[in-house]
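What follows is a single structure, written as structure tokens, with notes after it.
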Amino acid sequence: MKVFRGLPNAAARAPCALTIGNFDGVHLGHQALLGRVRAAATGLGLEAAVMTFEPHPREFFAHKAGDLSKAPPRIANLRDKLQSLSDNGIDRVIVEHFSAPFAALTPREFTEKVLVEGLHVKWLMVGDDFCYGARRAGNVQMLLEAGQHYGFHVETLPTVMNGSNRISSSAVRAALAEGDFAHAEALLGHPYAISGHVIHGQKLGRTLGFPTLNLRVPHRPALSGIFIVQVHGLAEQPLAAVASLGVRPTVDDSGRVLLEVHVFDFAQNCYGKQVRVEFLHKIRDEEKYVDLPTLTAAIDRDAIIAREYFAQRMQERDGATTATDRI
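Just so you know, we're using UniProt numbering here: the sequence shown kicks off at 1 and counts up by one.
As structure tokens, this is what we get:
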């Protein structure tokens, strides 16, 4: 998959079937849309393309207004988003820098400069509530008319439902905030995880008896707290672990978000390695403690809970195997 930061230059442009959106989490609704784009691209002999934005438009306007609470927390980092788009058969992704000049484009300017000249769109799919251009002045009807004028086909995809509930990024965020990973998985179509490269931290965990793998989280995540997790990428099988995702209020007042993972019974140098941390169960919210001994005691309790969780899961798995063997 090719990734472009901004519109491709003239030599790299190619006729495409395109969809546009933030695609935070790439949930089942997104996947249905991407599948339709992939099918259309194959049928028409085009490249399947996605235009997404960095930062999220609502983040941009929240910064502009000086009220970061209006910015939605992120389900996925850019790396995981791009991997999900690739997994869904997309050939090229345009990561457009959402800026004041871009936000000021009128619907007509967006159509001419971005869709027609910049991306050579021949087929376009959007959600049935899609809006575009300055002040979200453009709508699906305007896009249909523009397509007739400029020679590209426009289709809309109705909202994808999970039973009686709409599948949306907002619904995924709500499930993650509540620690309801089963519901999040039902909306995403896969277990929730965060991936990244292991970075150097303050080395505080090892002095407390709990060395950790540290992953930088550049945006406010959709969840925080202490979690039971398993780590992929360090061994043939996922490794049992306990993790903290948050701002570490006891030891750091910078507000920087970090994912710290203590892998049980594991001692290897992992700096620079790419790992995927899969979230299984929430133990508790993040807390600020009066001193390091109190923090250490809390971590010890969390580790005991996590080990018991994995022991119980192993018993259930072995019990199921034994029952099957008896049949």
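Backbone N, C-alpha and C define an ideal beta-carbon position, used for all residues, glycine too.
Spatially closest choice to threonine 296 from Ala62, Asp265 and Ser244, by CA coordinates: Taking only the C-alpha atoms, the option nearest threonine 296 is Ser244.
First through last residue of the alpha helix (DSSP H) which encompasses arginine 58: Run containing arginine 58: 57-65, per the alpha helix (DSSP H) assignment.
Endpoints, alpha helix (DSSP H) assigned at glutamate 287: For glutamate 287, there is no enclosing alpha helix (DSSP H), as DSSP marks it with neither H nor E.
Exposure of leucine 167, with buried meaning 16 or more beta-carbon neighbours within 10 Å: According to the sequence as given, residue 167 is isoleucine; it is not leucine. The residue is buried, with at least 16 neighbouring Cβ atoms inside 10 Å.
Alpha-carbon spacing of asparagine 214 relative to serine 164, whole angstroms: Approximately 39 Å, taken between the alpha carbons.
Beta carbon proximity, arginine 307 to chain B, threshold 7 Å: Here chain B cannot be found, since the structure has a single protein chain.
Cα-Cα separation, phenylalanine 60 to proline 101: In this structure, the CA atom of phenylalanine 60 is about 12 Å from the CA atom of proline 101.
Within the stretch 145-202, ranges of the beta strand (DSSP E) (whole runs, at least 3 residues): Segments of the beta strand (DSSP E) lying fully in the stretch 145-202: 153-157 and 193-199.
Buried/exposed call for histidine 200, threshold 16 Cβ in 10 Å: So histidine 200 ends up on the exposed side.
Identity of the residues DSSP links to glutamine 230 by a beta bridge: According to DSSP, which records beta bridges pairwise, glutamine 230 is partnered with Ala240 and Glu278.
Integer Cβ distance of valine 126 from alanine 32, believed to fall under 8 Å: No, valine 126 and alanine 32 are not in contact; Cβ-Cβ is about 13 Å, not under 8 Å.
Span of the alpha helix (DSSP H), counted from its first residue to its last, around histidine 30: For histidine 30, the enclosing alpha helix (DSSP H) starts and ends at 28-44.
Rounded C-alpha distance that separates glutamine 230 from glutamate 185: Glutamine 230 and glutamate 185: Cα-Cα distance of roughly 15 Å.
Tyrosine 132, buried or exposed, once every other Cβ within 10 Å from all chains shown has been counted against 16: Tyrosine 132 comes out buried.
Pair within 7 Å by beta-carbon distance, alanine 177 and glutamate 278: No; because the gap between Cβ atoms is not below 7 Å, this pair is not in contact.
Residue environment, threonine 19, which counts as buried when at least 16 other CB atoms sit within 10 Å: By the 16-neighbour rule on beta-carbons within 10 angstroms, threonine 19 is buried.
CB contact flag (threonine 52, valine 95, <7 Å): Valine 95 is positioned such that its CB atom lies closer than 7 Å to that of threonine 52.
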